[in-house]
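Undergrad: Pasting a structure below so you can have a look.
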């Protein structure tokens with residue numbers, strides 16, 4: 030349903046009249062669904078979530094600044110979110126780009142557009158890619174933000190709009206258009222990416238059990254490589270295909286966990302087994318992250334490294350899919366124990382032996398010992414002795 034608040038809202042619609050009503054949540058085999066039905070106290074035992082947003086994200090701040098300037102001119106020395114000096118620098122930037130006009134110490138709106146109409150309530154990234162129905166005279170059926178387009182509306186991707194399925198025939202990133210046609214299939218598509226992540230700046234770090242937790246600015250370069258066809262209900266992989274798109278780079282924020290350089294010998298894991306464990310743990314953490322921040326599961330991505338270039342330590346990264354980040358990473362850093370505990374519960378409650386689509390992913394992807402190794406590493410983050 031998209032979150033605790035939205036689920037209660039939808040449930041309330043069934044009980045608006047005087048007669049009794051029943052609301053049933055039908056869970057899929059997706060890891061997040063399985064976690065929630067195994068831990069109903071998560072849903073019934075808390076209030077609606079707090080929305081997470083970083084008001085100082087330049088994309089967010091600049092967009093709001095435009096809307097404010099449209100309503101009323103800014104005076105020299107005015108502060109908007111930031112201090113007066115930083116606000117002035119942003120206003121000068123908008124004036125240099127002919128969005129505002131500065132006259133006698135005041136900034137006036139000068140663009141011909143209405144700024145609020147260009148701001149999405151669903152994403153912080155500017156410039157969306159529109160999705161057109163090629164069989165209906167190019168009718169617009171939806172849109173996705175520019176950075177997500179290569180992993181959501183690539184050629185042959187299945188796009189769902191108002192319960193109707195479409196397959197993407199062509200993605201034109203330069204023109205920001207994706208062309209689709211209606212289809213009826215029993216699967217959805219999921220893109221695989223080759224990811225290169227570099228830590229640019231550590232904002233905070235602290236011990237986390239026998240490991241360390243960090244949050245900071247990261248640069249992520251990704252290249253979509255293949256897509257998988259995942260069957261509804263069972264989440265089986267029933268096919269795949271290549272993706273031919275250029276790589277992209279984004280500056281965002283991330284949360285990561287670092288383990289000791291000697292973790293292989295300390296836990297009795299070989300190099301291959303350690304890689305499997307890190308991979309499985311990254312998948313599990315990503316799956317339960319939406320429990321702790323109000324976001325769509327696709328808003329947070331994960332990767333792992335046997336030796337991260339910046340620290341030379343085995344690391345698991347969760348990073349935001351939006352330029353500059355919107356505050357998810359900071360919240361995951363603050364609530365890391367709850368996040369890791371939820372991942373442990375997901376793995377322990379799943380009856381599979383070596384991994385499945387309902388916990389860490391198929392064993393063919395995370396290895397025969399991935400699930401077991403992920404539990405070992407996760408417990409180290411909660412308890413210094415790994416007990």
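Residue numbers (the working numbering): 30 to 416. Just so you know, even glycine gets a beta-carbon here, dropped at the ideal spot from N, CA and C. If you're wondering where the values come from, they're calculated on a predicted model, not measured in any experiment.
1. Can you tell me which of 282, 373, 190, 179 puts its alpha carbon nearest to the alpha carbon of residue 405?
2. Could you spell out where the beta strand (DSSP E) holding residue 236 opens and where it closes?
3. Residue 190 and residue 167 - do their beta-carbons sit closer together than 8 Å?
4. If I follow the unbroken beta strand (DSSP E) through residue 243, where does it start and stop?
5. Since residue 400 and residue 376 should fall inside the 8 Å C-beta cutoff, what is the C-beta to C-beta distance between them, to a whole number of angstroms?
6. Look at the alpha carbon of residue 292 and the alpha carbon of residue 412, and state the distance between them as a whole number of angstroms.
7. How would you write the range of the alpha helix (DSSP H) that residue 117 sits in, first residue to last?
8. State the start and end residues of the unbroken alpha helix (DSSP H) segment that holds residue 301.
9. Assign residue 211 to one of three DSSP states: helix, strand, or coil.
10. Tell me the DSSP secondary structure of residue 283 in three-state form.
11. Does the contact criterion of 3 or more C-beta pairs under 8 Å hold for the region 197 to 216 versus the region 170 to 189?
12. Just how far apart, CA to CA, sit residue 322 and residue 95?
13. Any idea if residue 307 is buried or exposed, counting beta-carbon neighbours within 10 angstroms, 16 or more meaning buried?
14. In three-state terms, what does DSSP make of residue 36?
15. When you compare only the Cα positions, how much space is there between residue 398 and residue 240?
16. If you check the beta carbons only, do residue 274 and residue 195 fall under 8 Å apart?
17. By DSSP's criteria, residue 101 is part of a beta bridge. Which residues make up the other side?
18. If you compare alpha carbons, which of 65, 130, 85 is closest to residue 104?
19. Among residues of its own chain, excluding the 5 on either side of residue 35, which ones have a beta-carbon nearer than 6 Å to its beta-carbon?
20. Give the range of the alpha helix (DSSP H) segment to which residue 367 is assigned.
21. Helix, strand or coil for residue 176 per DSSP?
22. Considering only C-alpha positions, which residue in the set 49, 262, 87 is nearest to residue 281?
23. Give every residue of the same chain whose Cβ lies closer than 7 Å to the Cβ of residue 230, excluding the five residues on either side of it in the sequence, and list them in chain order.
24. Look at the Cβ atom of residue 243, then the Cβ atom of residue 287, and state whether they are nearer than 8 Å.
25. My output table needs one value for residue 401: the three-state DSSP class, helix, strand or coil.
26. Per DSSP, which residues does residue 349 bridge with? Please list them.
27. Considering only C-alpha positions, which residue in the set 362, 328, 266 is nearest to residue 352?
TA: Quick answer:
1. The count along the chain shown starts at 1 and reaches residue 405 at position 376. Nearest option by C-alpha distance: 373.
2. For this step, residue 236 is matched to residue 207 along the chain shown. Start and end: 216 to 237.
3. Residue numbering aside, residue 167 sits at position 138 when the chain shown is read from its first letter. Residue numbering aside, residue 190 sits at position 161 when the chain shown is read from its first letter. For residue 167 and residue 190, no; Cβs fall outside 8 Å.
4. The residue given as residue 243 occupies position 214 in the chain shown. Residue 243 -> beta strand (DSSP E) spans 240 to 260.
5. Here residue 400 corresponds to residue number 371 of the chain shown, with the count starting at 1. Here residue 376 corresponds to residue number 347 of the chain shown, with the count starting at 1. Rounded, the Cβ-Cβ distance is 6 Å, consistent with contact.
6. Here residue 292 is taken as the residue at index 263 of the chain shown, counted from 1. Here residue 412 is taken as the residue at index 383 of the chain shown, counted from 1. Computed Cα separation, rounded: 15 Å.
7. Counting from one through the chain shown, the residue named residue 117 turns up at place 88. Note, residue 117: alpha helix (DSSP H), 113 to 125.
8. Residue numbering aside, residue 301 sits at position 272 when the chain shown is read from its first letter. Element bounds for residue 301: 300 to 317.
9. For this step, residue 211 is matched to residue 182 along the chain shown. Note: residue 211 maps to strand in three-state DSSP.
10. Residue numbering aside, residue 283 sits at position 254 when the chain shown is read from its first letter. Three-state DSSP puts residue 283 in a strand.
11. yes
12. Stepping through the chain shown from its first residue, residue 322 is reached at position 293. Stepping through the chain shown from its first residue, residue 95 is reached at position 66. Each residue's alpha carbon lies about 28 Å from the other.
13. By 1-based counting over the chain shown, the position of residue 307 is 278. Label assigned to residue 307: buried.
14. For the purposes of this step, residue 36 is taken as residue 7 along the chain shown, with counting starting at 1. In the structure shown, residue 36 sits in a helix (DSSP, three-state: H, G or I).
15. Taking the first residue of the chain shown as position 1, residue 398 is located at position 369. Taking the first residue of the chain shown as position 1, residue 240 is located at position 211. Taking the straight line joining both Cα atoms gives about 21 Å.
16. The residue given as residue 274 occupies position 245 in the chain shown. The residue given as residue 195 occupies position 166 in the chain shown. In this structure, residue 195 does not lie closer than 8 Å to residue 274 by Cβ.
17. As a first step, residue 101 is located in the chain shown; it is residue number 72 there, counting from the start. Its beta-bridge partners do not exist; DSSP assigns none.
18. Against the chain shown, residue 104 aligns to sequence position 75. The shortest C-alpha separation from residue 104 is found at 130.
19. As a working note, residue 35 is residue 6 in the chain shown. For residue 35, where only same-chain residues beyond five positions count, there are no Cβ hits under 6 Å.
20. Locating residue 367 in the chain shown gives position 338, where the first residue counts as 1. Where residue 367 is concerned, the enclosing alpha helix (DSSP H) stretches over 365 to 378.
21. Position 147 of the chain shown holds residue 176. Residue 176 falls in the coil class under three-state DSSP.
22. Walking along the chain shown from the start, residue 281 turns up at place 252. Checked all of 49, 262, 87; the closest Cα to residue 281 is 87.
23. For the purposes of this step, residue 230 is identified with residue 201 of the chain shown, where counting begins at 1. The answer, listed in chain order, is 245, 246.
24. Here residue 243 is taken as the residue at index 214 of the chain shown, counted from 1. Here residue 287 is taken as the residue at index 258 of the chain shown, counted from 1. Yes, Cβ-Cβ distance for residue 243 and residue 287 is below 8 Å.
25. Here residue 401 refers to the residue found at position 372 when the chain shown is read from its first residue. Helix at residue 401.
26. The sequence position of residue 349 within the chain shown is 320, counting from 1. Residue 349 pairs with 329.
27. For the purposes of this step, residue 352 is taken as the residue at position 323 of the chain shown. It is 328.
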